[in-house]
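Those sequence lines, one after another, are chains A and B. Using our numbering, read the first sequence as starting at 265 and increasing by one per residue. Using our numbering, read the second sequence as starting at 46 and increasing by one per residue. Written out below as structure tokens is the structure these notes cover.
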Amino acid sequence: MNGASPLLEAEGIVKEFGLRRSRIEMLHGTLPGHRAVDDVSFNLDRGEILGIAGGSGSGKTTLARCLNRLVEPDEGSIRLDGVDVRAARGNELRELRRRMQMVFQDPYASLNPRMSVGSALHEAGRVHQRPGSEDREGFVSGLLDRVHLPASVATRRPRELSGGQRQRVAVARALAVGPEVLIADEAVSALDVSIQTQLLNLFLDLRDELGVAIIFIAHQLAVIAEVADRVAIMHQGRIVETGPTADAFHSPQDPYTVTLLAAHPQP
Amino acid sequence: MSAEGAPLLQVRGLRVEFGTEDEPLVAVHDVGLTVRRGEFVGLVGESGSGKSLTCRSALRLVRPPGRITRGEISFDGRDVMAMSQEELRSLRAREVGMIFQDPFSSLNPVFRVGEQLAETLRLNAVMPKRQARIEATELLDHVGIPDPDRRYLSYPHELSGGMRQRVMIAIAIAAKPRLLIADEPTTALDVTTQAQILELLARLRQEHDMAVLLVSHDFGVIAQVCDRLAVMYGGYVLETGMVRTLYTRPEHPYTRALLESVPSLESAGSAQRRAAIPGQPPELTETLPGCVFAPRCAHARPECRTISMALEPVGPDHETACPIRPFAAEYAGGEAPSPTVPERAS
């Protein structure tokens with residue numbers, strides 16, 4: 265481990281998607297595809313929370329998915345702790361994905377409805393042979409405790425839980441494999457305000473207690489303001505502004521950031 | 046704006062139940078609500094608080110096994126509970142527009158979105174098809190859909206969630222309704238589109254004196270467009286009043302805790318954490334004696350278990366269901382109102 269170098273380095277990431285075209289357009293065959301992510305570079309330090317903000321269609325989610333190659337980037341380089349993510353194959357890639365875990369907006373879609381919470385959490389740890397996963401009960405209750413859920417939740421199924429509880433379970437499952445980076449893609453966007461605050465505080469706890477770095481994607485700027493140390497504003501596939509959250513929000517430099525902040529409804 | 050206007054929608058003592066008659070699950074216990082002509086009323090509360098059901102009840106759109114077991118609903122002086130199916134149909138088609146939370150299930154997947162919009166236009170005014178198409182395209186443009194001529198021809202599945210939501214908004218306002226019931230209309234949209242939609246609603250109010258009942262959990266949105274606010278929790282209205290009053294001097298501990306947990310841009314760079322309301326909202330199966338918020342309330346006292354949830358007036362156009370009123374002394378002392386709620390510059 266080298267303390268000076270960033271944990272995650274992304275450089276010049278490009279992802280293009282094909283567009284549906286009319287026959288005439290296909291005949292000409294010259295139209296470029298849609299650049300969902302267009303030459304994006306950023307670093308993430310250990311224990312840092314980086315917020316990624318932007319309107320819908322700005323490429324936030326595609327960028328996040330490129331990082332652990334759930335979407336294959338077309339160009340660019342990604343390094344996790346010096347290891348080339350784009351060159352990784354097989355077991356090496358699996359290991360990298362273990363170290364970069366995702367939490368999605370809809371936990372209901374990412375949890376198996378037939379599996380009890382305990383089995384889901386234990387399975388994740390067992391598959392990756394995590395230390396402590398031999399002791400199923402201890403492993404599961406440890407994780408639930410980490411996300412401030414009572415141990416009794418282990419026997420429940422996802423549908424028996426509230427939205428906030430389910431999202432905590434999704435976070436616990438990401439933690440089960442011992443990641444160094446959590447990628448939270450709109451992880452609190454669907455939750456009610458009071459539950460949202462609980463979850464935001466949970467992410468802050470995880471960073472403080474486990475030292476996990478977090479990429480926190482949200483369209484709500486205020487949510488990012490609550491948790492992120494640094495923020496990157498995306499617009500049309502590019503990062504248009506990046507910097508410490510306070511600087512970017514209090515004295516924005518890019519015109520798009522200004523527009524975004526102006527449109528943000530404040531009570 | 047037109048706070049003195051005559052009541053347009055009036056709901057009194059509404060109760061909505063699920064489950065069997067012997068063991069009912071009560072989703073809405075006792076809700077009263079008034080929307081006056083041209084007035085924007087906000088309805089906030091967490092999921093499961095009964096906001097959406099209250100909205101659906103106003104048009105008698107509660108789906109079985111849910112049922113309205115008590116309450117009076119009147120629209121412009123007419124008794125909605127006594128309306129025939131035909132009268133209801135006309136009410137829903139012409140006078141009250143509704144935008145549901147889920148735009149996926151509200152559009153017909155086998156028709157082009159433009160045609161669905163044109164159909165609504167032609168239902169409300171006699172016009173040739175070509176005219177309807179022109180007006181529909183204009184409406185699509187108004188709600189911020191880029192390239193409306195092309196999008197007119199799209200099927201719902203070809204549009205993004207935000208785009209579908211905008212189509213729904215266009216359909217709901219196509220008939221120029223006198224009341225628009227909007228259930229989280231802008232939640233799926235990004236802030237710039239949201240701002241555009243809110244402006245459009247404000248314009249409709251100016252031009253057609255349209256009233257809006259806006260369900261939202263975004264306090265910023267409410268502050269921007271609403272005159273009055275009702276705060277719901279566990280199937281009850283806990284507090285109601287002018288938005289300004291509620292934001293600066295909330296009397297109910299729930300309203301205040303909710304306002305304090307709203308994330309803010311001001312927090313950027315601050316290491317301080319926001320206090321969260323502990324615990325979970327009550328489930329339908331739970332029946333709580335007294336105040337429904339008491340188990341999560343920082344100001345709860347033993348007598349909270351026996352109070353009725355009736356709204357009591359505490360000021361001009363301001364009612365609360367909390368008889369304890371833990372902040373009354375603070376406000377009377379002339380102290381600055383809650384610091385987390387900065388005044389909005391118009």
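Glycine included, every Cβ here is placed at the ideal spot set by N, Cα and C.
Assumed close pair residue i, residue j - CB separation to whole angstroms, cut-off 8 Å
i, j, result
"valine 276/B", "alanine 227/B", "With 8 Å as the limit, valine 276/B and alanine 227/B do not qualify as a contact, their Cβ atoms being about 17 Å apart."
"arginine 392/B", "leucine 198/B", "Outside the modelled stretch of chain B, which goes from 46 to 391, sits residue 392/B, for which no answer is possible."
"glutamate 505/A", "histidine 483/A", "No, glutamate 505/A and histidine 483/A are not in contact; Cβ-Cβ is about 16 Å, not under 8 Å."
"glutamate 229/B", "valine 270/B", "In fact, because the Cβ distance is near 14 Å, the residues do not count as touching under 8 Å."
"glycine 323/A", "alanine 300/A", "5 Å"
"alanine 328/A", "isoleucine 481/A", "6 Å"
"leucine 470/A", "valine 452/A", "13 Å between Cβ atoms; not a contact."
"valine 491/A", "glycine 315/A", "7 Å"
"leucine 466/A", "valine 435/A", "7 Å"
Burial state of residue i, where buried means 16 or more other Cβ atoms lie within 10 Å
i, result
"asparagine 332/A", "buried"
"histidine 253/B", "exposed"
"phenylalanine 145/B", "buried"
"methionine 265/A", "At methionine 265/A, the pLDDT of 47 sits below 50, so the modelled position is not reliable; the number obtained from the coordinates is stated separately. It is exposed - the Cβ of methionine 265/A has fewer than 16 other Cβ atoms within 10 Å."
"proline 377/A", "exposed"
"proline 173/B", "exposed"
"glycine 382/A", "buried"
"arginine 427/B", "Residue 427/B falls outside the range modelled here, since chain B spans only 46 to 391, and no answer is possible."
"alanine 377/B", "exposed"
"threonine 351/B", "exposed"
"proline 295/B", "buried"
"aspartate 401/B", "The requested residue 401/B does not occur in the structure, where chain B is confined to residues 46 to 391."
"glycine 282/A", "exposed"
"serine 397/A", "buried"
"glutamate 284/B", "buried"
Within 9 Å, strictly: CB atoms of residue i and residue j
i, j, result
"proline 201/B", "valine 188/B", "no"
"arginine 60/B", "arginine 115/B", "yes"
"threonine 521/A", "glycine 314/B", "no"
"histidine 298/A", "glutamate 280/A", "yes"
"arginine 394/A", "glycine 442/A", "yes"
"alanine 72/B", "glycine 280/B", "yes"
"alanine 374/B", "glutamine 530/A", "no"
"leucine 274/B", "glycine 87/B", "yes"
"methionine 366/A", "alanine 440/A", "no"
"phenylalanine 403/A", "histidine 386/A", "yes"
"aspartate 348/A", "glutamate 444/A", "no"
"histidine 363/B", "leucine 310/B", "no"
"isoleucine 113/B", "serine 129/B", "no"
Contact set for residue i: own chain, Cβ-Cβ below 6 Å, skip 5 residues either direction
i, result
"alanine 339/B", "Ala345, Cys349"
"proline 52/B", "Thr79, Arg81"
"proline 326/B", "Glu91, Gly93"
"isoleucine 277/A", "Val301, Val304, Cys330, Pro337, Gly340"
"arginine 432/A", "Val411, Leu413"
"glutamate 356/A", "none"
"isoleucine 216/B", "Leu162, Thr165"
"threonine 461/A", "none"
"valine 307/B", "Phe264"
"threonine 419/A", "Ser380"
"proline 193/B", "Thr182, Leu185, Asp186"
Bridge partners - residue i, DSSP secondary structure assignment
i, result
"glycine 64/B", "Pro69/B"
"proline 341/A", "First, the amino acid is wrong: residue 341/A is serine here, not proline. Note: serine 341/A sits in a beta bridge opposite Glu275/A."
"threonine 506/A", "Ala496/A"
"asparagine 307/A", "Glu273/A"
"phenylalanine 85/B", "Val257/B"
"serine 119/B", "Gln55/B, Asp124/B"
"glycine 142/B", "Leu225/B"
"histidine 298/A", "Phe281/A"
"leucine 78/B", "Val56/B"
"aspartate 399/A", "Looking at the DSSP assignment, aspartate 399/A forms no beta bridge with any residue, so it has no partner."
"arginine 250/B", "Answer is none; arginine 250/B lacks a bridge partner."
"aspartate 469/A", "BP columns for aspartate 469/A are empty, so no partner."
"aspartate 449/A", "Ile481/A"
Neighbourhood of residue i by C-beta distance below 8 Å, restricted to the same chain and skipping five residues each side
i, result
"proline 154/B", "Tyr200, Pro201, His202"
"leucine 243/B", "Thr231, Val266, Gln269, Val270"
"histidine 514/A", "none"
"lysine 96/B", "Leu88, Val89, Gly90, Asp228, Val260, Met277"
"valine 288/B", "Gly87, Ile267, Ala268, Cys271, Asp272, Arg273, Leu274"
Close beta carbons around residue i, own chain, < 7 Å, minus the five adjacent residues each side
i, result
"alanine 454/A", "Gln369, Asp370, Gly427"
"glutamate 388/B", "Any answer about glutamate 388/B is weak, because its pLDDT of 40 lies below 50 and its placement is not dependable; what the coordinates show is given next. None."
"alanine 220/B", "Ala138, Arg139, Gly142, Thr165, Asn169"
"glutamate 117/B", "Arg57, Gly58, Met126"
"isoleucine 218/B", "Gly142, Leu225, Leu249"
Closer than 9 Å to chain C by CB, residue i
i, result
"glutamate 91/B", "Within the model displayed, chain C is absent; protein chains A and B are what it includes."
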